[in-house]
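Protein chains in written order, with this note's numbering: chain X, 1 to 276; chain B, 1001 to 1276.
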DNA sequence: AAAATAATGGAATAAAAATTCCATAGCATG
DNA sequence: CATGCTATGGAATTTTTATTCCATTATTTT
């Protein structure tokens, strides 16, 4: 076993690998070779699998881990699993720390929201369901009228969507609940509804979507989970998970998705007009 | 155990999750919720870890796996480990993949907005004027009533601000222009106005801010430049520069700043109350 | 309100995986 | 070519992890 301290990051790991692989015996060098080429598999494989891949015995692989400075395979794997998870730090814990420090200064809060926003955006980029997004664009591009609905914390998103539609000369109404007018009359056959709602889901939004669906109309939903009550309306579900800061979220990802959707619809419509 | 066939891809998995999660009992729904939000952890975690994450017993998590169509956790994990390699590429690559689908495809546009949002947030973090921000928090925390005003593309920001204030039980009104009522009567001496406006600046917003300033009231402005017409109102100017995508912007930075401002005010008020 | 059914928690068990150990094979050195 | 040292393979052991089972608790139905 090496008396060296174990690497704690990918960089350190690679450095040590390069450093010692020269002087390794044959089998262990095979391990080094294989590991260098398949770094990404370490987090999700067993010693048995890796040793087969490297063409050595499990015990040989074990010795390799120890030479690298770890106590064994498990410890080495732990490092890789943690590196992978690093992108999603535990926000609950971080917030607790923040609270514990009494650090609710404006700048600390702003930093939190900025960081939460960045994470949410990254996550959006890697989890968005492109197929559904494209279907939603098609449906909306063909709609004679778009109804946008979203209350409470979804309302800013709804209002921004209708602003964007207006700017692009796309027929759209924002159902804002002003005057408690019955919005149902406005919905005609063929119209499309964009419903935005997050847990706890607001009943008005769900009802409107359900009503439109009952008429045989298409519904596009923007929500924070694939499950949720919009499911019943057969909606094209676009789910976004925002990283919360305390009881609030910055809506960065949701608004980005919404505006991208709107602009895509605009682009698609232009294409359709040009095509004719 | 379900007689359904097990999902073999992330899409299938998500689909099935959405499909059955409404009809699940409480604990299993907790699992579904947690899994939907932490898909990336499954490949590198144990049942024990995931079940504490979801707040359930390991056996409950087990039943969840079976309901999803797998024989057990191991089989489910296998699916995630196999698709793991595709998720490993970093954020830059994922963005490229989004862009690869053609210039004005929804995914390329989304990538643009995501990237613009990230840049804007970075920029916000490094350029925000902390001193002004803190002054604004102080002023707002002391206000008997907060008036929020912002039209057109600033309106989503304004509405989110008033949502946040409402949630924190802070007296605030959103001047939304509905009914063309004269908003000036609502403004009393000592009230504070938050005015949000971007070029081209909307006259109503400027007028309201100027009126409040004329009464001797404080004005907090969120805008896209330090100059601009709000200057005249002696406002505490918070400037945010958003990166545009074509004619649109994702508002990520502006909303983050706004919500951080609101939450800071809430925190400050609590402190003031505790102090007395 | 009682009975039946479904859900849950927790401990017991089974399975899988990691780790160690040791006998043997290879290799260099005198 | 014998001796000591290192490397190796494979089986035995230990540890961790998944899975099952059942008693208890909720929920629904009659």
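The beta carbon of each residue, even a glycine, is placed where N, CA and C say it ideally should be.
Being a predicted model, the structure only gives us computed values, none of them experimental.
Rounded to the nearest whole angstrom, the C-alpha separation of residue 1159(B) and residue 255(X) is 14 Å. Counting along the chain, the unbroken beta strand (DSSP E) around residue 223(X) starts and ends at 218-223. DSSP lists 1223(B) as the beta-bridge partner residues of residue 1239(B). Taking a cut-off of 8 Å for Cβ pairs, the region 1240-1257 of chain B and the region 1137-1149 of chain B do not touch, as fewer than three such pairs fall below it. When DSSP states are grouped into helix, strand and coil, residue 1020(B) belongs to the helix group.
Using a 10 angstroms sphere on the CB of residue 265(X), the tally of other CB atoms reaches 16 or more, which defines it as buried. For residue 124(X), the uninterrupted alpha helix (DSSP H) run begins and ends at 106-127, by DSSP.
Per the coordinates, the alpha-carbon of residue 55(X) lies some 7 Å from the alpha-carbon of residue 30(X).
The Cβ atoms of residue 1163(B) and residue 41(X) lie no closer than 8 Å to each other. Contact between residue 43(X) and residue 16(X) does not hold, since the beta-carbon distance rounds to 18 Å and is not under 8 Å.
A distance below 8 Å separates the beta carbons of residue 251(X) and residue 157(X). At a Cβ-Cβ threshold of 8 Å, residue 136(X) and residue 261(X) count as neighbours. Contact holds between the region 180-197 of chain X and the region 210-225 of chain X, because three or more Cβ pairs, one in each stretch, are under 8 Å apart. Annotated as distal: residue 1062(B) and residue 1007(B), with beta-carbon spacing of 8 Å or more.
Taking 3 residues as the minimum length, the region 1042-1067 of chain B contains no beta strand (DSSP E) run wholly inside it. Burial check for residue 1014(B): the Cβ neighbour count within 10 Å reaches 16 or more, so the residue is buried. For residue 106(X), the closest alpha carbon among the candidates 1110(B), 1107(B), 1133(B) is that of 1133(B). Under the 10 Å beta carbon count, residue 1049(B) is surrounded by fewer than 16 other beta carbons and is classified as exposed.
Its Cα nearest to that of residue 1182(B), the residue 1205(B) stands out among 1205(B), 1197(B), 1161(B), 1172(B). The contact set of residue 134(X) on chain B, defined by CB atoms closer than 7 Å, consists of 1106 in chain order. Counting along the chain, residue 147(X) sits inside the beta strand (DSSP E) bounded by residues 146-149. Your pair residue 114(X) and residue 1125(B) checks out as a contact, with CB atoms roughly 5 Å apart and the cut at 8 Å. Of the residues 1149(B), 1263(B), 1228(B), the one whose Cα lies closest to the Cα of residue 1208(B) is 1149(B). With a threshold of 8 Å between beta carbons, residue 1269(B) makes no contact with chain X. Under the Cβ criterion of 8 Å, residue 1264(B) is counted among the residues facing chain X. Counting along the chain, residue 197(X) sits inside the beta strand (DSSP E) bounded by residues 192-197. No Cβ-Cβ contact shorter than 8 Å links residue 147(X) with residue 108(X). Assignment of residue 139(X) by DSSP, reduced to helix, strand and coil, places it in the helix class. Annotation for residue 209(X): no beta strand (DSSP E) segment contains it, though the alpha helix (DSSP H) segment containing it runs 203-214.
DSSP, reduced to helix, strand and coil, places residue 1027(B) within a helical segment of the structure shown. At a cut-off of 8 Å, the C-beta of residue 1251(B) has a neighbouring C-beta in chain X. Beta-bridge partners assigned by DSSP to residue 1249(B): 1244(B).
Residues of the region 145-173 of chain X that bring their beta carbon within less than 8 Å of a beta carbon in chain B comprise 152, 153, 155, 156, 157, 159, 160, 163, 164, 167, in sequence order. Taking a Cβ-Cβ cut-off of 7 Å, residue 62(X) has no neighbours in chain B, whose nearest Cβ is about 20 Å from it. Across the region 1212-1224 of chain B, no CB contact with chain X closer than 7 Å is found for any residue. Sequence-distant Cβ neighbours of residue 76(X) in its own chain, meaning closer than 6 Å and more than five residues away, are 65, 70.
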